[in-house]
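Heads up: the structure comes next, in structure tokens.
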Amino acid sequence: MIPAPFDYVAADSAEHAIELLVSRGEDAKILAGGHSLLPMMKLRLAAPGVLIDIARIAGLAGIRAEGDELVIGATTRHADLAASDLVRAQAPLLAHSASLVGDPQIRHRGTIGGSLAHADPAADLPMALVALGGSVELAGPDGTRLVSAEDFFTGFFETALAPDELLTAIRVPCRPGALWGYQKFVRRANDWAIVGAAAVAGRIALANMGPTPIRAHAAERALAEGASAEQAAELAADGTSPGTDIHADRAYREHLARVLTARALAGRHA
Ligand SMILES: Cc1cc2nc3c(=O)[nH]c(=O)nc-3n(C[C@H](O)[C@H](O)[C@H](O)COP(=O)(O)OP(=O)(O)OC[C@H]3O[C@@H](n4cnc5c(N)ncnc54)[C@H](O)[C@@H]3O)c2cc1C
1 MIPAPFDYVA ADSAEHAIEL LVSRGEDAKI LAGGHSLLPM MKLRLAAPGV
51 LIDIARIAGL AGIRAEGDEL VIGATTRHAD LAASDLVRAQ APLLAHSASL
101 VGDPQIRHRG TIGGSLAHAD PAADLPMALV ALGGSVELAG PDGTRLVSAE
151 DFFTGFFETA LAPDELLTAI RVPCRPGALW GYQKFVRRAN DWAIVGAAAV
201 AGRIALANMG PTPIRAHAAE RALAEGASAE QAAELAADGT SPGTDIHADR
251 AYREHLARVL TARALAGRHA
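Anchor point for the sequence shown: position 65 equals 65 in this note's numbering, and the numbering is continuous, going up by one each time.
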């Protein structure tokens, strides 16, 4: 449980972090809350030559409203999202999902940018962002680009981030008053979802039903065509590709997707 040797640099601005990413190439890894990266390094599943710490960069954390969107800095902690009056009013699904991440220690260290960049298909915030139709700002040596949450997650623990890019902010459409529901099925408190379902204003996203967080398109189409929530939820597993592990096999995950989607569409919160 001891990581391979590595260098450590505390970046003092986003530009500095990007310069370091460019100069150190694939040998470098961004360090945010460290709650996914450090366990991987201790298990030697990751062995970066240099960690670029972005946790103290002023301006990378914080939450503000801009037009009809929330703009959330990449190093905003899960606990701050969960406690934010602005997020609770404008995107309550996001605040609620952040409140269910791990335990208080994890929520006070882990960051939304780290969770999205890590791209665990069982994680809470990636599913929430896909359900909300959010997007991410990626900054690199050639400037900044905006990528939708759905395009950002490209595979199992894989994203659209290039090795020299930094995720700087998350944009979330404000949806005050929209009916939403959030369901996370776990065996023990603090676990990742065996399956998760998040619904808001007719959009449905699922966690752990494939290599990335995914939309339940068949169920969404049925809703749009006038089906009841129960009828639509029956289609929640269509087009998904869940795996089998010690917690659940494929058929059980498909069953969970249908049950949890029905609950989420009814506006219930796990
Ligand atoms: C015991 C335990 C239980 C947990 N339970 C849950 C849970 O129930 N639900 C859940 O969703 N998560 C859970 N997590 C994960 C937690 O949410 C982490 O905080 C999160 O996945 C990673 O955020 P971080 O800030 O710690 O990122 P780090 O660990 O610092 O980084 C993770 C990865 O993202 C990259 N990265 C980080 N920030 C950026 C950035 N701004 N730009 C580009 N790349 C970046 C890093 O290089 C690294 O590859 C748990 C973790 C632990 C240890």
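A virtual CB, placed ideally from N, CA and C, is assigned to each residue, including glycine.
Model, not experiment: these values are computed from the prediction.
Which first and last residues belong to the beta strand (DSSP E) in which residue i is found?
i: Glu230; result: No beta strand (DSSP E) contains Glu230, which is instead part of the alpha helix (DSSP H) from 229 to 233.
i: Arg145; result: 143 to 148
At which residues does the alpha helix (DSSP H) containing residue i begin and terminate?
i: Glu254; result: 250 to 265
i: Gly113; result: 112 to 118
Can you grab the Cα-Cα spacing for the pair residue i / residue j, in whole Å?
i: Ile30; j: Asp53; result: 6 angstroms
i: Ala178; j: Gly133; result: 13 angstroms
i: Ala262; j: Glu19; result: 47 angstroms
i: Gly181; j: Arg203; result: 11 angstroms
i: Gly25; j: Ala149; result: 25 angstroms
i: Asp27; j: His108; result: 28 angstroms
i: His269; j: Ala10; result: 39 angstroms
i: Asn190; j: Ile106; result: 10 angstroms
i: His96; j: His16; result: 33 angstroms
i: Pro5; j: Arg250; result: 39 angstroms
i: Val22; j: Pro141; result: 8 angstroms
Can you tell me whether residue i sits near ligand 1, meaning its C-beta is under 8 angstroms from at least one heavy atom of the ligand?
i: Ser99; result: no
i: Thr75; result: yes
i: Leu93; result: no
i: Ser13; result: no
i: Asp7; result: no
i: His78; result: yes
Can you have a look at residue i and say buried or exposed, based on whether 16 or more other CB atoms are within 10 angstroms of its CB?
i: Lys184; result: buried
i: Leu125; result: buried
i: Thr244; result: exposed
i: Asp68; result: exposed
i: Thr144; result: exposed
i: Gly73; result: buried
i: Pro104; result: exposed
In the DSSP output, what is residue i paired with across the bridge?
i: Pro176; result: In the DSSP output, where bridge partners are listed per residue, Pro176 has none listed.
i: Val200; result: Trp180, Arg203
i: Ala65; result: Leu70
i: Arg269; result: One point to set straight first is that residue 269 is His, not Arg, in the sequence displayed. BP columns for His269 point to Tyr182.
i: Leu31; result: Asp53
i: Asp7; result: Val50
i: Gly155; result: Glu158
i: Ser135; result: Ser148, Arg171
i: Ile214; result: Leu206
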